[in-house]
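In the numbering used here, the protein residues as written are 172 to 298.
Cβ atoms here follow ideal geometry from the backbone N, Cα and C, with glycine treated the same way.
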């Protein structure tokens with residue numbers, strides 16, 4: 172089992188596709204890593220040698236890619252900074268609304284959560 176940046180990547184998949192399981196690495200970045208580590212992109216993870224795994228780790232380090240915990244904390248710090256300075260984007264984050272100008276009248280259910288119907292309240296008492 173290959174372990175890259177604290178993540179067990181899938182063994183049966185080809186190297187670039189299994190590297191995508193690491194937070195912060197996309198397909199083009201994974202292909203660059205394979206080129207730097209001099210690994211054929213058609214090789215499956217289970218067929219990698221120990222030296223090749225070390226080469227992948229070293230390539231990630233050499234490229235200066237932030238992955239997993241470091242990247243997540245950076246993103247959280249950026250959002251916290253926006254909230255603290257009171258920018259428009261920070262206010263949108265604070266209200267759990269879409270940040271990048273999407274419409275909210277009909278869509279945005281992922282950010283806003285489950286739809287809650289606002290009713291009329293209690294019925295008036297009949298006398």
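- prompt: What residues in its chain sit with their C-beta under 8 Å from that of residue 239, if we drop five residues either side in the sequence?
  reply: 176, 177, 178, 193, 194 and 195
Beta-carbon spacing of residue 204, residue 234 below 8 Å: The Cβ-Cβ distance between residue 204 and residue 234 falls below 8 Å.
message: Using 8 Å as the cut-off, can you tell me whether the region 252 to 263 makes contact with the region 208 to 223, which would need three or more C-beta pairs spanning the two stretches below that distance?
response: Contact between the region 252 to 263 and the region 208 to 223 is absent: fewer than 3 CB-CB pairs across the two stretches fall below 8 Å.
Continuous alpha helix (DSSP H) assignments of at least 4 residues falling wholly in the region 238 to 266: The qualifying runs are 239 to 256 and 259 to 265.
query: Near residue 181, which residues of its chain fall below 6 Å by C-beta distance, leaving aside the five closest residues on each side in sequence?
result: 189
query: Would you report the Cα separation of residue 291 and residue 297, rounded to the nearest angstrom?
result: 16 Å
query: DSSP three-state call for residue 179: helix, strand or coil?
result: strand
- prompt: Helix or strand or just coil, what does DSSP make of residue 283?
  reply: Helix.
query: Counting along the chain, where does the alpha helix (DSSP H) carrying residue 200 start and finish?
result: 198 to 207
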